[in-house]
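Read through the structure below, which is laid out as structure tokens, and then see the notes.
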Amino acid sequence: MCGIVAYIGEKQAYPILIKGLQRLEYRGYDSAGVALLNGSVKVFKKKGKVSELVYHASQQDTTGTIGIGHTRWATHGKPDDINAHPHTSGNGRLTLIHNGIIENYNAIKESLLNRGHEFRSQTDTEVLVHLIEEIQSQNNIPLEEAVRLALNQVIGAYAIVVMDANDPDKLVAARKSSPLVIGIGKGEFVIASDASPLVDYTKQVVYLNDNEIAVVHRNGELQIKTTNNELQDHKVQEINLQIEQLEKGDYEHFMLKEIYEQSKTIGDCMRGRLNASEGWVRVGGIEDSIEHFTNAKRIIIAACGTSWHAGLIAEYLFEELARIPVEVEYASELRYRNPIIKENDIVIALSQSGETADTLAALELAKDKGAMIYGIVNVVGSSIARVTDAGSYIHAGPEIGVASTKAFTSQVTLLAMMAITLGYRRGTIPKSYYHQLLEGLESIPAKVEKLLKLNDKIKYIASEIKDSSNALYLGRGYNFPIALEGALKLKEISYIHAEGYPAAEMKHGPIALIDEDMPVVVIATNKSSYEKIYSNIQEVKARKGVVIAIVPEGSTEISKIADYTIEIPDTEEPLTPLLSVIPLQLLSYHIALMRGCNVDQPRNLAKSVTVE
Ligand code: M6R
151 MCGIVAYIGE KQAYPILIKG LQRLEYRGYD SAGVALLNGS VKVFKKKGKV SELVYHASQQ
211 DTTGTIGIGH TRWATHGKPD DINAHPHTSG NGRLTLIHNG IIENYNAIKE SLLNRGHEFR
271 SQTDTEVLVH LIEEIQSQNN IPLEEAVRLA LNQVIGAYAI VVMDANDPDK LVAARKSSPL
331 VIGIGKGEFV IASDASPLVD YTKQVVYLND NEIAVVHRNG ELQIKTTNNE LQDHKVQEIN
391 LQIEQLEKGD YEHFMLKEIY EQSKTIGDCM RGRLNASEGW VRVGGIEDSI EHFTNAKRII
451 IAACGTSWHA GLIAEYLFEE LARIPVEVEY ASELRYRNPI IKENDIVIAL SQSGETADTL
511 AALELAKDKG AMIYGIVNVV GSSIARVTDA GSYIHAGPEI GVASTKAFTS QVTLLAMMAI
571 TLGYRRGTIP KSYYHQLLEG LESIPAKVEK LLKLNDKIKY IASEIKDSSN ALYLGRGYNF
631 PIALEGALKL KEISYIHAEG YPAAEMKHGP IALIDEDMPV VVIATNKSSY EKIYSNIQEV
691 KARKGVVIAI VPEGSTEISK IADYTIEIPD TEEPLTPLLS VIPLQLLSYH IALMRGCNVD
751 QPRNLAKSVT VE
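Right, here's the structure in full:
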């Protein structure tokens with residue numbers, strides 16, 4: 151949440167900061183701002199999107215070769231011009247951008263107020279910049295030392311960059327529990343919340359660790375110390391990120407691009423890991439800890455949102471195929487109860503961003519309890535990837551639409567490969583079924599491609615139900631999590647209230663809601679429960695509900711009674727979620743678009759939830 155970017159070098163900073171903020175806008179879009187230093191400091195900030203800021207600053211002097219920028223997801227203080235970052239110290243000397251939450255800001259603010267400080271905003275961030283200023287001016291010390299002393303008084307999460315008007319040749323950055331990456335260019339540095347603002351200038355990066363403070367100098371020098379004042383060695387890494395991956399190309403929205411990319415991204419996830427004709431599947435991270443996995447007494451999966459839904463599918467996969475007991479936990483709940491986690495448990499953190507604060511905290515708790523921790527993430531070099539004992543990347547490429555689509559199918563693909571591997575190694579699936587599953591998985595990308603051709607039909611269904619106020623999603627077995635995911639996709643981008651339910655649970659409550667205004671999306675792709683779900687559809691129709699059924703190709707019974715049907719290509723039952731989710735993503739996309747919603751940046755949301 152919140153995106154930060156900073157530049158120092160020979161180029162003009164403003165265009166670099168604006169382009170960086172546009173790339174980071176998925177992290178928050180309540181307000182945006184920049185500060186530029188060119189003799190004196192100029193701050194431009196505006197409520198709303200980066201485009202509002204650009205308009206606001208268009209007639210102003212935006213020159214300067216050093217500057218900082220921020221795009222905000224509001225926590226403390228409403229989204230307005232004053233609460234927008236950067237924030238400036240009382241004497242006007244320091245400007246600061248911040249991603250995270252200073253939890254003890256009230257206590258610090260109180261004592262600063264007692265010492266005569268005056269605050270303009272309601273933010274925790276302004277408190278921090280005042281604190282740094284006070285320490286700097288009282289002790290007459292370099293900025294980095296003032297930052298270090300201030301951070302030792304702070305409780306909470308932060309990624310910050312500070313600029314000093316009296317020292318135009320350096321920037322100071324620090325992190326704890328919020329990501330920060332330093333791009334090292336030729337005679338320049340770009341610092342940002344993720345690598346997307348850097349790729350135009352460099353591929354050489356340093357990921358800052360928790361409790362580290364970096365000083366970047368105009369002369370190309372980079373120095374990193376801990377908040378305990380210990381000098382740190384830093385490892386320069388090369389990022390593998392292409393500019394085209396960060397752009398919409400010919401698509402109207404990132405979400406649509408990412409939905410269409412899935413035939414490729416599912417294939418990318420399997421590349422080098424599975425070969426059906428040769429009969430093998432190998433997931434590197436598991437192979438390295440195979441003893442641990444094959445002997446595991448229990449797997450706990452911690453995740454949030456869409457990743458939690460992928461985790462729920464993994465429960466069905468691991469239990470059925472590998473006969474390993476699985477518990478799927480909301481990371482936010484797991485971290486705050488007193489869970490029983492033992493040394494021979496494996497705790498898997500599932501996260502697209504690899505930065506979700508609750509998932510990270512749950513993982514740290516599991517680590518403290520001695521469990522093996524395994525990360526499944528998309529963003530290379532993210533915090534979860536760096537704290538886990540072992541793990542796997544899903545290789546979906548940058549996902550920019552706030553609603554997760556391609557990351558979900560890649561997560562499920564990876565989890566399916568893991569379950570098949572473990573089932574085979576533990577002898578819990580027959581050899582013939584093992585080969586059938588490998589072939590099934592390998593053929594998914596082509597089937598996704600085929601499904602995407604149904605876009606026009608799905609668009610038509612969307613036009614028929616777009617004015618609904620509520621929607622119900624029902625599924626069974628492997629497709630119960632898809633009902634949850636379909637409902638989440640619809641509510642987060644179209645603002646229609648939607649609920650996902652196990653189909654048989656409908657009779658225990660939600661059936662009371664059904665009338666002719668209620669669309670009911672039924673995922674009826676499990677052959678093993680086809681008759682049962684057929685009965686559930688009859689129950690909905692008897693109450694005049696509008697049924698949109700996702701059915702296996704050639705299904706005639708359900709097609710006769712449903713109002714609309716979408717057929718998915720035939721596949722093994724455990725793999726059906728990889729196909730049944732695609733029409734639901736498209737349905738939400740079209741409904742949201744028809745309702746005039748901002749599909750890529752839905753209200754109140756941010757892509758990467760780095761605060762509690
Ligand atoms: O980056 P993560 O996978 O950890 O994110 C978890 C959720 O915040 C995320 O899936 C969220 O629910 C999406 N907006 C869903 O589309």
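All residue numbers for the sequence shown refer to the working numbering, where the first residue is 151 and numbers rise by one. Every residue, glycine too, gets a C-beta built ideally from N, C-alpha and C.
Beta carbon of residue i nearer than 7 Å to that of residue j
i, j, result
"SER327", "ASN249", "no"
"ILE305", "GLU253", "yes"
"GLY240", "HIS267", "yes"
"THR675", "ASN629", "yes"
"GLU722", "LEU587", "yes"
"VAL184", "GLY219", "yes"
"GLU505", "SER758", "yes"
"LEU462", "VAL478", "yes"
"THR221", "GLU260", "no"
"GLU411", "LYS556", "yes"
"GLY153", "SER343", "yes"
"ASP274", "TYR255", "yes"
"ILE158", "ARG368", "yes"
"MET313", "LEU187", "yes"
"SER503", "VAL529", "yes"
"GLY217", "LEU167", "yes"
"LEU484", "ILE608", "no"
"ILE332", "ALA364", "yes"
"GLU549", "GLU408", "yes"
"VAL696", "PRO669", "yes"
"ILE718", "SER730", "yes"
"GLY178", "ALA756", "yes"
"TYR714", "ILE611", "yes"
For residue i, three-class secondary structure by DSSP
i, result
"GLN172", "helix"
"GLY435", "helix"
"GLN704", "Note on residue identity: the sequence assigns Gly, not Gln, to residue 704. Reduced to three states, the DSSP call for GLY704 is coil."
"MET568", "helix"
"VAL311", "strand"
"ASP508", "helix"
"GLU722", "coil"
"ILE305", "coil"
"LYS519", "coil"
"PHE194", "strand"
"GLU666", "coil"
"PRO165", "helix"
"TYR486", "coil"
"GLY219", "strand"
"PRO548", "coil"
Cβ distance (whole Å) where residue i is taken to contact residue j below 8 Å
i, j, result
"GLY650", "GLY636", "6 Å"
"ILE632", "ILE698", "Between ILE698 and ILE632 the Cβ distance is about 13 Å, and since that is not below 8 Å, they are no contact."
"LEU372", "LEU330", "Contact flag wrong, Cβ pair sits at about 13 Å."
"ILE490", "ALA521", "No, ILE490 and ALA521 are not in contact; Cβ-Cβ is about 11 Å, not under 8 Å."
"ILE474", "LEU572", "7 Å"
"ALA156", "LEU278", "In fact, because the Cβ distance is near 16 Å, the residues do not count as touching under 8 Å."
"LEU510", "ILE523", "About 11 Å separates the two Cβ atoms, so there is no contact after all."
"ARG243", "ASN316", "6 Å"
"LYS639", "SER738", "4 Å"
Any non-hydrogen atom of the ligand M6R within 6 Å of residue i CB
i, result
"THR509", "yes"
"THR456", "yes"
"GLN502", "yes"
"THR538", "no"
"ALA499", "no"
"VAL562", "no"
"SER271", "no"
"VAL759", "yes"
"THR444", "no"
"SER328", "no"
"ALA553", "yes"
Check: residue i C-beta below 6 Å from any heavy atom of the ligand GDP
i, result
"THR506", "With respect to small molecules bound, the structure shown includes the ligand M6R and not the ligand GDP."
Any 3 or more C-beta pairs closer than 8 Å across the region 425-437 and the region 456-473: no
Cβ contact check for the region 409-424 and the region 540-547: 3 or more pairs under 8 Å: yes
Validate contact between the region 706-722 and the region 579-597 using beta carbons, cut 8 Å, 3 pairs: yes
Any 3 or more C-beta pairs closer than 8 Å across the region 606-619 and the region 445-461: no
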